[in-house]
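Working notes, structure below.
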Amino acid sequence: EKEFIVAGAEDVEAMKAAKSINYYAKLRNAHIIVGAKASVLIPSRADLSDVKFNSIALAIASKV
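Residue 20 in my numbering sits at position 29 of the sequence shown; the count goes up by one each step and never skips.
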(Lines of atoms letter the chains of each structure in order from A and count residues from 1; the text may use other names and numbers.)
(Lines give C-alpha, C1' and ligand atoms only; values in the text may rest on other atoms or scores of the structure.)
Protein backbone atom coordinates (compact mmCIF):
# COMPACT_ATOMS: atom_id res chain seq x y z
CA GLU A 1 0.00 0.00 0.00
CA LYS A 2 1.40 3.38 -1.06
CA GLU A 3 0.97 6.51 0.97
CA PHE A 4 0.61 9.77 -0.90
CA ILE A 5 1.36 13.15 0.60
CA VAL A 6 -0.71 15.97 -0.84
CA ALA A 7 0.41 19.49 -0.03
CA GLY A 8 -2.39 21.66 1.24
CA ALA A 9 -4.87 18.87 1.96
CA GLU A 10 -5.65 20.36 5.38
CA ASP A 11 -6.11 23.77 3.80
CA VAL A 12 -8.77 22.31 1.50
CA GLU A 13 -10.69 20.85 4.44
CA ALA A 14 -10.47 24.13 6.35
CA MET A 15 -11.66 26.05 3.30
CA LYS A 16 -14.66 23.74 2.87
CA ALA A 17 -15.60 24.22 6.52
CA ALA A 18 -15.21 28.00 6.30
CA LYS A 19 -17.25 28.23 3.09
CA SER A 20 -20.01 26.10 4.63
CA ILE A 21 -20.19 28.28 7.74
CA ASN A 22 -20.25 31.46 5.65
CA TYR A 23 -22.98 30.08 3.39
CA TYR A 24 -25.34 28.75 6.04
CA ALA A 25 -24.83 31.63 8.50
CA LYS A 26 -25.15 34.16 5.65
CA LEU A 27 -22.00 35.93 6.84
CA ARG A 28 -20.64 38.93 4.95
CA ASN A 29 -16.89 38.62 4.71
CA ALA A 30 -13.88 39.94 2.82
CA HIS A 31 -10.48 38.51 1.88
CA ILE A 32 -7.23 40.45 1.56
CA ILE A 33 -3.55 39.97 2.24
CA VAL A 34 -1.87 42.95 3.89
CA GLY A 35 1.77 43.82 4.46
CA ALA A 36 2.88 44.39 0.88
CA LYS A 37 3.14 47.74 -0.89
CA ALA A 38 -0.45 47.21 -2.02
CA SER A 39 -3.17 45.06 -0.51
CA VAL A 40 -3.73 41.81 -2.39
CA LEU A 41 -7.29 40.72 -3.08
CA ILE A 42 -7.90 36.98 -3.00
CA PRO A 43 -11.41 36.42 -4.35
CA SER A 44 -12.84 32.99 -4.95
CA ARG A 45 -14.82 32.03 -8.02
CA ALA A 46 -17.63 30.97 -5.68
CA ASP A 47 -17.74 34.31 -3.83
CA LEU A 48 -20.80 36.45 -4.29
CA SER A 49 -20.43 39.97 -5.66
CA ASP A 50 -20.91 41.54 -2.21
CA VAL A 51 -17.93 39.56 -0.87
CA LYS A 52 -15.78 40.84 -3.74
CA PHE A 53 -17.02 44.39 -3.07
CA ASN A 54 -16.26 44.01 0.66
CA SER A 55 -12.74 42.86 -0.22
CA ILE A 56 -12.14 45.97 -2.31
CA ALA A 57 -13.58 48.21 0.43
CA LEU A 58 -11.42 46.53 3.08
CA ALA A 59 -8.30 46.94 0.93
CA ILE A 60 -9.03 50.65 0.51
CA ALA A 61 -9.77 51.09 4.23
CA SER A 62 -6.57 49.30 5.23
CA LYS A 63 -4.48 51.91 3.37
CA VAL A 64 -5.95 54.88 5.27
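C-beta: ideal position from N, C-alpha, C; glycine also.
Going by other Cβ atoms of all chains shown within 10 Å of its Cβ, with 16 needed for buried, is residue i buried or exposed?
i: SER35; result: exposed
i: SER53; result: exposed
i: SER46; result: buried
Just the Cα atoms here: how many angstroms apart are residue i and residue j?
i: PHE(-5); j: LYS43; result: 35 Å
i: ALA8; j: VAL31; result: 23 Å
i: ASN37; j: ASP2; result: In the sequence under discussion, the amino acid at residue 37 is Ala, which differs from the Asn named in the question. Approximately 17 Å between the Cα atoms of the pair.
i: ARG19; j: ASN13; result: 8 Å
i: LEU49; j: ASP41; result: 12 Å
So for residue i, helix, strand or coil by DSSP?
i: VAL31; result: strand
i: ILE(-4); result: coil
- Using 8 Å as the Cβ pair cut-off and three pairs as the minimum, do the stretch 12 to 25 and the stretch 44 to 53 touch? yes
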